[in-house]
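Peer 1: Residue numbers (our numbering): 1 to 192. Ideal placement from N, C-alpha and C gives every residue a C-beta, glycine not left out.
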């Protein structure tokens with residue numbers, strides 16, 4: 001049962017959290033349409049965000065939250081799709097940094113759209129044009145694949161671009177399962 005598996009993650013241990021999301025995604029995905037590599041990638045994104053507090057900006061664990069090595073640029077996790085738009089679309093219009101030609105930055109943007117437009121789809125779809133962000137996420141992953149020098153990684157990013165609509169729906173289903181089973185930590189619940 002989902003609740004028992006969730007209790008095994010208590011303490012937010014990285015390998016356990018990753019395994020938890022991987023197992024839950026495997027249960028929900030249309031197996032004939034996605035690969036285990038994709039499932040692992042999405043599980044890594046969700047596990048990473050699940051273990052990261054926006055209040056601890058200096059302690060981000062994985063590449064999804066930091067700029068490429070050697071760069072002084074830092075990309076914190078977005079709290080909303082509007083922040084994603086501001087950080088990755090509007091800021092690039094006024095920047096000479098060439099962020100939108102950087103595969104890792106584009107992947108960060110895509111992963112933030114995956115989380116916010118997928119996992120939190122129910123909440124955000126009432127506030128924004130969700131289809132715009134679906135297309136934006138596709139574009140981020142597509143461009144990340146185009147600028148990626150690692151051919152294996154580029155293939156994965158291109159696959160994420162093409163199959164992003166599937167993953168957005170799977171992440172939303174996962175969110176609904178968590179909600180149904182009340183798998184939210186009490187400190188994240190709103191006080192009435």
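#1: Taking DSSP as the reference, what is the three-state secondary structure of residue 140?
#2: Is residue 34 helix, strand or coil by DSSP?
#3: Just to confirm my understanding: we take residue 140, look at its own chain, exclude 5 residues before and 5 after, and list those with CB closer than 6 angstroms. What are they?
#4: Starting from residue 15, trace the alpha helix (DSSP H) in both directions and tell me its first and last residue.
#5: Measure the C-alpha to C-alpha separation of residue 104 and residue 153 and round it to an integer number of angstroms.
#6: Should residue 143 be labelled buried (16 or more other beta-carbon atoms within 10 Å of its own) or exposed?
#7: Could you tell me the distance, in whole angstroms, from the CA atom of residue 86 to the CA atom of residue 80?
#8: Report buried or exposed for residue 112, applying the criterion of at least 16 other Cβ atoms within 10 angstroms of its Cβ.
Peer 2: The structure says:
#1: Residue 140 carries a helical assignment under DSSP once its states are collapsed to helix, strand and coil.
#2: Here residue 34 sits in coil by DSSP.
#3: Only 106, 109 and 110 meet the Cβ criterion.
#4: Its alpha helix (DSSP H) spans residues 14–28.
#5: So the alpha carbons of these two residues sit roughly 11 angstroms apart.
#6: It counts as buried.
#7: Taking C-alpha positions only, residue 86 is separated from residue 80 by approximately 10 angstroms.
#8: When all chains shown are included, residue 112 counts as buried.
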